[in-house]
Structure formats: structure tokens, C-alpha cells
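J.: I am attaching a structure below and will ask some questions about it afterwards.
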Amino acid sequence: MFPDQFLFGVEVLLNGLMAGVLYALVALGFVLIFKASGIFNYAQGVMALFAALTLVGIMDGQVPFSHLINAIFGMDVHHFGWHVPAFAAILLAMMVMVGLAWIVQYFIFRHLVGQEPIILFMATIGLAYFMEGFGDMMWGSEIKKLDVGIPQGGSFWIEEATAFLGGSNFYGFFIDQLDIVAAVVAIILVVLLVAFAQYTKQGRAMRAVADDHQAALSVGISLSFIWVLVWSLAGFVALVAGIMWGAKSGVQFSLSLIALKALPVLMLGGFTSIPGAIVGGLIVGVGEKLFEFLIGAPFLGGATENWFAYMLALVFLVFRPQGLFGEKIIERV
Amino acid sequence: MLYRESGDFSETYKADSQTFPIKFDRYRYYAVLAFAFLVIPFIINDYWANAVLVPFLIYAIAAIGLNILTGYCGQVSLGTGGFMAVGAYACYKLMTAFPDVSIMIHVLISGGITAAVVTLFGLPSLRIKGFYLAVATLAAQFFLVWLFNRVAWFYNYSASGQINAPDRTVFGYLVTGPNTEAWAKYLICLIFLTFTGIAARNMTRGALGRKWSSIRDMDIAAEIIGVNPLSAKLSAFAISGFFIGISGALFFSVYLGAAEVGEAFGIQKSFLVLFMIIIGGLGSIFGSFAGAAFMVLLPVFLKNVLVGGLGWDTALAAHLEFVIVGALIIVFLIAEPHGLAQLWRVAKEKLRLWPFPH
Numbered sequence: 026m027f028p029d030q031f032l033f034g035v036e037v038l039l040n041g042l043m044a045g046v047l048y049a050l051v052a053l054g055f056v057l058i059f060k061a062s063g064i065f066n067y068a069q070g071v072m073a074l075f076a077a078l079t080l081v082g083i084m085d086g087q088v089p090f091s092h093l094i095n096a097i098f099g100m101d102v103h104h105f106g107w108h109v110p111a112f113a114a115i116l117l118a119m120m121v122m123v124g125l126a127w128i129v130q131y132f133i134f135r136h137l138v139g140q141e142p143i144i145l146f147m148a149t150i151g152l153a154y155f156m157e158g159f160g161d162m163m164w165g166s167e168i169k170k171l172d173v174g175i176p177q178g179g180s181f182w183i184e185e186a187t188a189f190l191g192g193s194n195f196y197g198f199f200i201d202q203l204d205i206v207a208a209v210v211a212i213i214l215v216v217l218l219v220a221f222a223q224y225t226k227q228g229r230a231m232r233a234v235a236d237d238h239q240a241a242l243s244v245g246i247s248l249s250f251i252w253v254l255v256w257s258l259a260g261f262v263a264l265v266a267g268i269m270w271g272a273k274s275g276v277q278f279s280l281s282l283i284a285l286k287a288l289p290v291l292m293l294g295g296f297t298s299i300p301g302a303i304v305g306g307l308i309v310g311v312g313e314k315l316f317e318f319l320i321g322a323p324f325l326g327g328a329t330e331n332w333f334a335y336m337l338a339l340v341f342l343v344f345r346p347q348g349l350f351g352e353k354i355i356e357r358v
Numbered sequence: 044m045l046y047r048e049s050g051d052f053s054e055t056y057k058a059d060s061q062t063f064p065i066k067f068d069r070y071r072y073y074a075v076l077a078f079a080f081l082v083i084p085f086i087i088n089d090y091w092a093n094a095v096l097v098p099f100l101i102y103a104i105a106a107i108g109l110n111i112l113t114g115y116c117g118q119v120s121l122g123t124g125g126f127m128a129v130g131a132y133a134c135y136k137l138m139t140a141f142p143d144v145s146i147m148i149h150v151l152i153s154g155g156i157t158a159a160v161v162t163l164f165g166l167p168s169l170r171i172k173g174f175y176l177a178v179a180t181l182a183a184q185f186f187l188v189w190l191f192n193r194v195a196w197f198y199n200y201s202a203s204g205q206i207n208a209p210d211r212t213v214f215g216y217l218v219t220g221p222n223t224e225a226w227a228k229y230l231i232c233l234i235f236l237t238f239t240g241i242a243a244r245n246m247t248r249g250a251l252g253r254k255w256s257s258i259r260d261m262d263i264a265a266e267i268i269g270v271n272p273l274s275a276k277l278s279a280f281a282i283s284g285f286f287i288g289i290s291g292a293l294f295f296s297v298y299l300g301a302a303e304v305g306e307a308f309g310i311q312k313s314f315l316v317l318f319m320i321i322i323g324g325l326g327s328i329f330g331s332f333a334g335a336a337f338m339v340l341l342p343v344f345l346k347n348v349l350v351g352g353l354g355w356d357t358a359l360a361a362h363l364e365f366v367i368v369g370a371l372i373i374v375f376l377i378a379e380p381h382g383l384a385q386l387w388r389v390a391k392e393k394l395r396l397w398p399f400p401h
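Protein sequences appear in the order of chains A and B. End of the first sequence = 358 in the working numbering, gap-free, step of one. End of the second sequence = 401 in the working numbering, gap-free, step of one.
Following this line, the structure appears as C-alpha cells:
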């Protein structure tokens, strides 16, 4: 038997871990693009939003740009009237994300090769704005429900299995099933990505590009292909993150703000490390939940989750500027 | 034909190194100043003041501030909204605590307070660089907004959590509060902008500006040739913070009158000001003006054309605005990284030769 306060703390910790997995999922997309092209993709969160919007739109058979068409031609179209099964819709949404990757590469970043990283960063902020407006124009901006068949609600099994730990007013740990699914998916995704990068030809080419652009070019690796590939992978990760977050809290604008949560994750873990993204995500998830539970809610008036991760990252960076797992920064004149 | 330097002889060093060495430029500058001070206040109405001119003037101050930090010193900041909030809340606290002191002094002190806060958040810049720093400034943005939201002392324990600007006068004329005349709002912002612009222009072309530019271009090399990165970076943060604080104070007290921190000074504001300097031109004072004007006019223009002219939905027009702004950012970064200011420079270059081709 443990005191209740301790058990609630453990529950907060577990939920923090689950939230951390979701942060890590978004951070992963950042790391992929950053490693291969040196672009710090601010638009990752909006990509997740866009992917989720597209998925919902395809599943419900929405007419793309219906508001725009209605406004220009004075028509009144909304839906095609069919419903696409989740699996097919996910495949279609994936194809849209690949198309998007191609467009982004050919119309934007091909023209910005060799620019300073900070210029590329600002270009992705522009991209984020563009996609935000574009996604809303295409699919409408109302909050949508995304249901691809993931179980939701608290897991009774875990609640019952852990109820014996506490006293009479402890009913076991509450953990959302969705979070468990998300964690499993995230682990599978990471294993797949690592395997892809380590054992396939394209994966090796990707790592070569990440190491040295010019050397990769000289052994015959097509840079533009690799970049499209990487953006597609990031689109895929965005789609998975979009499905998880969308199923959790509905597909809406605030989905794109999870990208902002992923930034401190990256700063903690280092921009170039996939394990770093995972560990950083977990630290941020657990840290902010525990901080809110132990210090934020009782003493600071709550809602400290908005900034805790940033402050943690900021303080951390002052002591270790490259992050936990980042490559050592060497500067030359 | 008119825009020539021939026949324009500088007889002293002072005349040679003035801000506008070409006569035509100089007279154009005086003409613009005279028009802004002597003509517009008499013809301005409420719509123009509230929709276009006052936001333009205030954002121009903020853009100059951010341009000093990002455009000249190369330290990207995404915390502008939060820093403007510092100015706004400092101004509010001062206005309510010392009602007898002139609002002009309050605004200046708010700038000073903001400068101190921004310098504090600029300290990590000595260790971290580039987008690590950009993300670090996001910490400031979220923390400050949270702070002003949660700590009741900052909004004087008002029930709504809002801050409301009380009525204050300058020389007997009302400049804040709901009953302010359009021309008074306009003039007070214009006065601050004029001094900000002149100060920024002279700082950036002097020794301080050279130091900032060298830090931006390559900080290690700058350090080796004897620029102290500590003082150069922190002075950029402080001066930038001072201007941003002034703009935040004016934005709240003169323009909005009542503000809620998350809505008025959220992350969107940070991006808006960043977009102003990207589109206007990084590292150019004129660019700050051009970018501010552009970003203020674009929504007004789109709203008038799409909602007023074509009868579209407001939400749809807002989405299209996002698309256009995003696309413009990308287009400018690809085609003209130096922004509207560079287009202006090219136009002037062409004018010098016109009508001859070479």
C-alpha cells in the first residue's frame, strides 16, 4: 500500500510518458528532414494538421475547395456522398503527402540550396502559413472528428490490475487506450525508420547525403530525389502524428501548435539524433506533467505546460548547446 | 532626370556623410516629413487612423526594433509578441501607478523596462546560435504571455484579466482612452516613430551598427578582429527591446485601449513582425517601414476586395490571406532576399540613369 499522493504522482508520470511519446513522434519528423537537408522544418506541425485534414476530408468524401467553389461560382457543393474506408483513405492521404513533398522540393527548396540555415528556417515558416491557409481553404476550418478505429477511453484492464496498490479511494491508474496505441505505433515507426536508414539502399543514400552533400553527389546519389524522399518520410510521420493527435482531440487548428511543443524536445535531444528525439520527447512529456502536478498547479496558478518545456530546454542549452545526443559543434572561420 | 548626384557637391565631411547625401533624396525626405506632420493630421478620419495609419506607425517601430536584432545583428527572435506585451504591461502599470506623470515618459520608461527584460532573455545568445536561439526566444514568448495571464498583479486584479488604458493627455489633448481623436492618436505615434527612425538609422550606420553587422556575418571572425560579442549582442538585444517596448506600449495604450495578452501579443504577433522585416528587407530601416506598410495594407486590401467587392465569406478571405502571406514570404526569400528595400534600391539605381540605358 502506497500513499495516494505518491500513486497519483506515478499516474501523472505514466501519462506524461505517453504524452512524451506523441511529442517524440512529431519531433521525429523534424529530425529526419534536418539530418538529410539541414532544413529546420517549422511546418512539420502544420503538415500533421494538413495530413489529418486530408484524411478526414477523403474519408467523408468532402469536395476539396468547396467553400472557394461556392464563393466563386455561386454553387452549393459539400460532399461527394461517399465514404472511403479508413485504410484506403490513409493510403490516399499518404499519396497526397508524397505529392506535397515533391511540390515543396521542386518549387521551394530547390531554389534555396546553399542559403543560410536561418533563411531556410524562415522559408518553412512561410510554408507553414501557406499550408495552414491552404488546408483550411481546401477542407474548411471547422473542428472535425477523426475516427479510424483506434480504441479510446481509459483502459479498464490497467485500472483493475493496479487498483490493489492503493487504499480504498484509489481506483487504479487511468491511462487512455489511445495513448497506449500511440506509444506502440511510435515504437514501431522508430524501429522501421532506423531499419530503413540502416539496411536499405535509399536509407544509406539518405545518410550519405546527411553526412556530406558534395561527397554524396560525387558518388552518384541524386540529391533532389533524396530530398523528395525525406520530405515524403516526414509527411508520413506527420500523417501518423496527425492521426494520433486528431483522434485524441479532434482535427483543428491547435493541432499545428504541437509542432511548437516538439521544438524544445529537439533542443533537448539534439537536432540530428533520432534516439535524442525519443528521449527528449519523454523528458519533456514527463517533466511538464510532473512540474504542473508538483509545482505549477499548487503554487504558480497552473497552465505551466505552455512554457515549462521551453524553459527547461533554454536552461539546458546554456550548459550543453548541442543537446543530449547532438553532434559536437565545431566552428571555424 | 531629377534623381542625380551631379551638381551636388559636398564641401565638408559632415555634408558628405549625412543620411541622405543626394539632394533629391533629402528634399523628398523633408517633403514626406512635412506631409506626415502638417497635412495628414488635418485630413485623417477614424477609419484611416484605426485601420491603416496608427497600426502602420506602431508596427513600423516594432519592425525597426526587430530589424536591429535580426536584420543587423543576425539574432533571430520569435519573441516579439511577448516583448511587446512587456512594454504594454509596463506602460499600464506605470499609467495606473503614477497618473500625474506624462504618458510620453511612461512610454519611454516602458521601453527601458522591456530593454532590460529582452537583454535578460538575450543572455543565452552568447552560448547558443541560429535557430537554437530562435527557439529559445520562443521560451520568452510563451513564458511572458503566461506570466501576464496568471499573475494578477500585472493587470491590477481586474476581474476580466484585461488591461484598460485610462484617459491621459499630452498638452491638454487626450491621447489614450476611448474618446481620443484620430489625429491625436496618429500624431503621438508619428512622433515616436520619427525619433525611433532617426535614432535607428544613425545607430546602424555608426560604429555600433558595424559591430552588429560583423557579428551577423560571422561572429567568430568578428570576435577575432576585436568586436566584443558580449557587448555587441547584448546592445542589439537592449536597443531592439527598447523600440519593441515602445511599440508595445503604444499598441496597447493608444491603439487598442484594452488588451488581453494572449490575443493581442500571442505568437502570431511575433510572426507578423518577423514577416514585416523579411518582406520589407532584412538589415534596412526603410525596409522596416515598407514591410510594416505592406503587412498592414494587405489584409485591409484583401478584405475590401474579397469581402466588400466579391461578397466572399470573411473566414475564406482570412484563409486566402494566410496563403498569400505564406507564398509571399517564400517568393521573397527565393527571388529577393533583401525584400522591398532592395527593389526600391534597384529602382533608384535605374532612375539615376534614366532615360539613358547605360
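Cβ coordinates follow ideal geometry from the N, Cα and C atoms, glycine included.
What residue range is occupied by the uninterrupted alpha helix (DSSP H) comprising residue 223 of chain A?
T.: That run of the alpha helix (DSSP H) goes 202-224.
J.: Against chain B, which members of the stretch 145-174 of chain A pass a CB distance test of less than 8 Å?
T.: The residues in question are 146, 147, 148, 150, 151, 152, 153, 154, 155, 156, 157, 158, 159, 161, 162 and 166.
J.: Taking 7 Å as the limit between beta carbons, can you name the residues of its chain near residue 147 of chain B, skipping five residues before and five after?
T.: Counting only Cβ-Cβ distances below 7 Å, and skipping sequence neighbours, we find 213.
J.: Give me the chain B residues within the contact set of residue 332 of chain A, using Cβ-Cβ distance strictly less than 7 Å, ordered along the chain.
T.: In chain order: 182, 185, 186 and 189.
J.: Round the Cβ separation of residue 101 of chain B and residue 331 of chain B to the nearest angstrom and send it over; I've been treating them as touching at under 8 Å.
T.: About 12 Å; that fails the 8 Å criterion.
J.: Would you mind working out which of A/47, A/59, A/39 and A/133 sits nearest residue 258 of chain A, comparing C-alpha positions?
T.: Of the candidates A/47, A/59, A/39 and A/133, the one whose C-alpha sits nearest the C-alpha of residue 258 of chain A is A/59.
J.: Listed from N- to C-terminal order along the chain, which residues in the stretch 249-279 of chain B have their beta-carbon within a distance smaller than 8 Å of any beta-carbon of chain A?
T.: Those would be 261, 263, 264 and 267, in chain order.
J.: List in chain order: all unbroken beta strand (DSSP E) runs of 3+ residues lying wholly within the stretch 138-194 of chain B.
T.: None, since the stretch 138-194 of chain B contains no complete beta strand (DSSP E) of that length.
J.: Distance, Cα to Cα, residue 77 of chain A vs residue 172 of chain A?
T.: Cα to Cα, the separation comes out at about 11 Å.
J.: Kindly identify the DSSP beta-bridge partner or partners of residue 302 of chain B.
T.: Paired residues: B/206.
J.: Restricting to Cα atoms, I'd like to know which of A/87, A/119 and A/50 is closest to residue 300 of chain A.
T.: Cα-wise, what sits closest to residue 300 of chain A is A/50.
J.: Among all the DSSP beta bridges, which residues are the ones paired with residue 169 of chain A?
T.: Paired residue(s): A/276.
J.: Establish whether the CB of residue 362 of chain B and some CB of chain A are separated by less than 9 Å.
T.: Interface residue, yes.
J.: Can a CB atom of chain A be found closer than 9 Å to the CB of residue 370 of chain B?
T.: Residue 370 of chain B counts as touching chain A.
J.: Name the residue from B/371, B/187, B/86 and B/194 whose alpha carbon lies nearest to the alpha carbon of residue 318 of chain B.
T.: Closest option to residue 318 of chain B, Cα to Cα, is B/371.
J.: Determine, using beta carbons only, whether residue 323 of chain A comes closer than 9 Å to chain B.
T.: Not one chain B Cβ lies under 9 Å of residue 323 of chain A.
J.: Under 8 Å between beta-carbons, which chain B residues line up against residue 133 of chain A? List them in chain order, please.
T.: What residue 133 of chain A touches in chain B: 373 and 377.
J.: Go ahead and pull the three-state DSSP assignment for residue 362 of chain B.
T.: Residue 362 of chain B falls in the helix class under three-state DSSP.
J.: Whether or not the stretch 116-136 of chain A and the stretch 247-257 of chain A are in contact is what I'm after, with contact meaning three or more pairs of Cβ atoms, one per stretch, closer than 8 Å; do they touch?
T.: As far as the Cβ criterion goes, the stretch 247-257 of chain A touches the stretch 116-136 of chain A, which means the pair count is three or higher.
J.: Less than 9 Å between the beta carbons of residue 172 of chain B and residue 346 of chain A, yes or no?
T.: In this structure, residue 346 of chain A lies closer than 9 Å to residue 172 of chain B by Cβ.
J.: Which residues of the stretch 200-216 of chain B have a Cβ closer than 7 Å to any Cβ of chain A? Give them in chain order.
T.: Hits within the stretch: zero.
J.: Would you mind telling me which residues of chain A sit closer than 7 Å to residue 179 of chain B, beta carbon to beta carbon, in chain order?
T.: Under the 7 Å cutoff, chain A gives 339 and 342.
J.: When you check each C-beta in the stretch 347-359 of chain B against every C-beta of chain A, which residues fall closer than 9 Å?
T.: Those would be 349, 353, 354, 355, 356, 358 and 359, in chain order.
J.: Which residues, in chain order, does the stretch 92-124 of chain A contribute to contact with chain B at a C-beta distance below 7 Å?
T.: Of all residues in the stretch 92-124 of chain A, 92, 93 and 96 have a Cβ within less than 7 Å of some Cβ in chain B.
J.: By the three-class DSSP mapping on this structure, what secondary structure does residue 218 of chain B have?
T.: Here residue 218 of chain B sits in coil by DSSP.
J.: Which residues of the stretch 55-66 of chain A have a Cβ closer than 8 Å to any Cβ of chain B? Give them in chain order.
T.: Listed by position, the residues of the stretch 55-66 of chain A near chain B (Cβ gap below 8 Å) are 65.
J.: Could you check the C-alpha separation between residue 393 of chain A and residue 159 of chain A for me, to the nearest Å?
T.: A question about residue 393 of chain A goes unanswered here, because the residues of chain A that appear run from 26 up to 358.
J.: How far does the alpha helix (DSSP H) with residue 349 of chain B in it reach, from first residue to last?
T.: No alpha helix (DSSP H) holds residue 349 of chain B; DSSP gives it neither H nor E.
J.: Taking just the CA atoms, how far does residue 155 of chain B sit from residue 125 of chain B?
T.: Computed Cα separation, rounded: 15 Å.
J.: When burial is assigned at 16 or more other CB atoms within 10 Å of the CB, is residue 311 of chain B buried or exposed?
T.: Looking at its Cβ environment, which holds fewer than 16 other Cβ atoms inside 10 Å, residue 311 of chain B is exposed.
J.: Below 9 Å between beta carbons: does that hold for residue 168 of chain A and residue 43 of chain A?
T.: No, these two residues do not count as a Cβ contact at 9 Å.
J.: Go to residue 289 of chain A, then tell me how far its alpha helix (DSSP H) extends in each direction, as first and last residue.
T.: Note, residue 289 of chain A: alpha helix (DSSP H), 283-294.
J.: Going along chain B, which residues have a C-beta under 8 Å from residue 72 of chain A?
T.: Neighbours of residue 72 of chain A on chain B: none; closest Cβ ~13 Å, over 8 Å.
J.: So with Cβ pairs under 9 Å, would you call residue 167 of chain B a contact of chain A?
T.: Yes, residue 167 of chain B counts as interfacial toward chain A.
J.: Count the C-beta pairs between the stretch 263-273 of chain B and the stretch 127-142 of chain B that are closer than 8 Å, then say yes if the count reaches three, no if not.
T.: Cβ pair count under 8 Å is below three, so no.
J.: Quick test of the definition: if touching needs 3 or more C-beta pairs under 8 Å, does the stretch 249-265 of chain B touch the stretch 214-221 of chain B?
T.: Output reads no: the stretch 214-221 of chain B does not touch the stretch 249-265 of chain B.
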